[in-house]
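Each residue of the sequence shown is one higher than the last, beginning at 12 in the numbering used here.
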Amino acid sequence: MSRFALIYDQIRFEEKALIRAAEKLGLSINPLSSKTLVLRSDSPPELDFALIRCISYFRGLHIASILNGLNISTIISFFTLNIAGNKLFATSALLKHGVKTPKTYIAFTPKSAGEAAESLGYPVVLKPVVGSWGRLIALIRDSDTADAIFEDRSYMYPLYQIYYLQEFVEKPSRDIRCIMIGGEPVAAIYRYSPPGDWKTNVAIGGRAESCEINDELAEISIKASEAVKGEFVGVDIMEAEGRYLVHEINPTPEFKATMSATGKNIAAEVIKYIKRKLRR
């Protein structure tokens, strides 16, 4: 019998749903807390497979690294976490695979970041290359604000001194999250901005509605998933002047809002996919 672990930081709705789905579908699952986990290079854990659901990007990344190094398969893999979890790396992968993205400029000093913002044209969006839930994202409307924010970032941790700037895309007050499992789109939602905010993250108060997956949406989601070798990812997409743009890929997507809005049992689909993998 295959030995399968769910590695987590916190047991949230998603982890509970995955555990219930595994039990219902007859897959033995061993929940492991990352907070008590010890991994040894000289003694691999008795695992065949692990689903990594860490909230902490860096914790999940390093767990995937050692497990993959010990020839233990994971969803998500070290490669996918490393690329999709870093917005700059993800943008590079998307460009390489011909996936349309918002215009993005990268700078490494406050001065060059200011020049990049002027070239992009205000307003611009500044994002940390690593981060989630809309944290430390700024909509910058003028050069004075830009100079102040860029200077502040210059005193922060080195990751925040990589100035990842994107054009502000005029779009409806929503974006799309498409859940990909095994390279196929299984469900999608519109994520609407909360009142008075421009960000669409459901985690900060956004509203979710079911979104029909048309051929064009499916195609760009599949290409984005392939770009990061994502087996279970969330592809975030903007609608801009009749075209789709991928602006982020989430390597450990939350799916409570997707299940609620679409009625699709995402947890069960993940477990079914894992069972198929374990039979190969």
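Using N, Cα and C, we set each Cβ at its ideal position, and we do this for glycine too.
Check: On the three-pair Cβ rule with 8 Å, is the segment 42-55 touching the segment 92-109?
Finding: no
Next item on the list: Can you give me the Cβ contacts of Y174 inside the same chain, cut-off strictly under 6 Å, excluding the 5 residues immediately before and after it?
Entry: A118, A124
Checklist line | Straight-line gap, A61 to I200 (C-alpha atoms, nearest Å) | finding: 27 Å
Next item on the list: Could you check if Y164 is buried or exposed, using at least 16 other CB atoms within 10 Å of its CB as the buried criterion?
Entry: A small fix is needed here, since residue 164 is Arg in this sequence, not Tyr. Buried, since its Cβ has 16 or more Cβ neighbours within 10 Å.
Item checked: N-terminal and C-terminal residue of the alpha helix (DSSP H) that L72 is part of -> 68-80
Check: What does A118 pair with, by DSSP beta-bridge criteria?
Finding: Y174
Item checked: Entirely enclosed beta strand (DSSP E) segments - the segment 19-47, minimum 3 residues -> 41-44
Check: Between the C-alpha atoms of P264 and K288, what's the straight-line distance to the nearest angstrom?
Finding: 20 Å
Notebook entry, point to check: DSSP state of P196, grouped into three classes?
Noted result: strand
Next item on the list: Assign F69 to one of two classes, buried (16 or more other C-beta atoms within 10 Å of its C-beta) or exposed (fewer than that).
Entry: exposed
Item checked: With 16 other Cβ atoms within 10 Å as the buried cut-off, status of G241 -> buried
Next item on the list: Would you mind listing the beta strand (DSSP E) stretches within the segment 200-263 that are 3+ residues and don't spill past its ends, in chain order?
Entry: 218-221, 243-251, 254-261
Next item on the list: Take Q177 and list the residues in its own chain whose beta-carbon comes closer than 6 Å to its own, dropping the five residues that flank it on each side.
Entry: P113, T115, V136
Item checked: Contacts around L131, its chain only, beta-carbon distance under 7 Å, and the 5 residues preceding and following it disregarded -> K114, Y116, L176, E178
Next item on the list: Throw me the rounded Cβ distance for the Y19 and C65 pair, which I believe falls under 8 Å.
Entry: 7 Å
Note to self: Between E25 and F266, how many whole angstroms is the CB-CB distance? I'm expecting something under 8 Å.
What the structure shows: 6 Å
Notebook entry, point to check: Is F90 closer than 9 Å to V239 when the C-beta atoms are compared?
Noted result: yes
Item checked: Those residues which DSSP pairs with C189 across a bridge -> A199, V246
Check: Is the Cβ-Cβ distance between A279 and K46 less than 9 Å?
Finding: no
Item checked: One or two residues paired with S84 in a DSSP bridge -> F60
Checklist line | Enclosing alpha helix (DSSP H) for L50 [first to last residue] | finding: First-last for L50: undefined, no H or E at that position.
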